[in-house]
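Residue numbering for the sequence shown follows my numbering, starting at 2 and increasing by one per position.
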Amino acid sequence: MVGRTEAVYPIPGAIETVVEKRASGVKLALITNGATVPQREKIERFGLGERFDCVLIGGECGYGGYQESESQRCREYGKSPCRQLENNL
């Protein structure tokens, strides 16, 4: 049986779009509302960490679910405006 983490995969073209946007100079942030371990596993599995200027995981910040404070932390990193990508990666 395939576990939940293993069943997750990027939608076709998603990673290529991230690469293209980053190459064109767009500042990107990956913001997730999940627990640290499974989110880090997915980020590592798909090589996403180096593709984003800022990675924020809710579980590492002490909360779950999207919070305005995540956008604020992104702005503090100088990555404004910060666009949230849905969990479709």
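Note that CB positions come from ideal geometry on N, CA and C, so glycine has one too. These numbers come from a predicted model, not from an experiment.
Nearest in C-alpha terms to V20, of all of I58, C55, L49, is L49.
Per DSSP, A30 lies in no alpha helix (DSSP H) segment; the continuous beta strand (DSSP E) that holds it begins and ends at 30–33. Collapsing the DSSP output to three states places V27 in coil. Between A24 and the set F47, I58, P11, F53, the nearest pair of CA atoms involves F53. By the C-beta density criterion, A30 is buried, having at least 16 other C-beta atoms within 10 angstroms. Linking G14 to E42 through their CA atoms gives a straight-line distance of about 20 Å.
Non-local beta-carbon contacts of T37 in its own chain, meaning distances under 6 Å to residues more than five positions away in sequence, involve I58, G60, E61 in chain order. Where I44 is concerned, the enclosing alpha helix (DSSP H) starts and stops at 37–46.
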